[in-house]
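The numbering used here runs 30 ahead of the 1-based position in the sequence shown.
Beneath this line is the structure, given in structure tokens, with notes to follow.
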Amino acid sequence: MLFYACAALAQHVWDTLEESAVKTTGKKIMIATGLGCSETGPSVLFASQPGGFAGLIGFPAAVFELKLALWGRKIVAK
31 MLFYACAALA
41 QHVWDTLEES
51 AVKTTGKKIM
61 IATGLGCSET
71 GPSVLFASQP
81 GGFAGLIGFP
91 AAVFELKLAL
101 WGRKIVAK
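Okay, structure coming up:
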């Protein structure tokens, strides 16, 4: 398993990590991410679904209420 909590990975970086895992172990590894904010650390949204991809934000942890809002041309989670 590889867990990261930073800015979103570019798809080519994700693909390289998966390719390296297959070359090393013979199989894909789970790549999981946590997204949060200064007050929570990487513990608001978690993505660990099989078949994940760069940019997948996952699901909110049970103790958080989250809403999506339009900010310019982007949709943000608040």
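For every residue, glycine included, the Cβ atom is placed at its ideal position computed from N, Cα and C.
Provide the residue span of the beta strand (DSSP E) that contains residue i, from first to last.
i      : result
Thr128 : Since the first residue shown for the chain is 31 and the last is 108, residue 128 is missing from the structure and cannot be characterised.
Ile59  : Careful: Ile59 lies outside any beta strand (DSSP E) and carries neither H nor E.
Phe33  : 32 to 34
Ala92  : That residue, Ala92, is in no beta strand (DSSP E); it is neither H nor E in DSSP.
Ala8   : This structure leaves residue 8 out entirely; the chain is present only between 31 and 108.
Under a three-way DSSP split, which group does residue i fall into?
i      : result
Leu86  : coil
Pro72  : strand
Gly81  : coil
Ala107 : strand
Could you check how far apart the C-beta atoms of residue i and residue j are, in whole angstroms? I think they sit under 8 angstroms.
i      : j     : result
Pro72  : Ala35 : 3 angstroms
Ile105 : Leu98 : 5 angstroms
With distance defined between alpha-carbon atoms, name the residue in the options nearest to residue i.
i     : options                      : result
Ala40 : Ala84, Gly88, Ile59, Phe89   : Ala84
Phe94 : Gly66, Val43, Thr54          : Gly66
Ala91 : Arg103, Thr63, Lys53, Lys104 : Thr63
Val74 : Gly88, Ile105, Val43         : Gly88
Ile59 : Lys108, Gly81, Leu100        : Gly81
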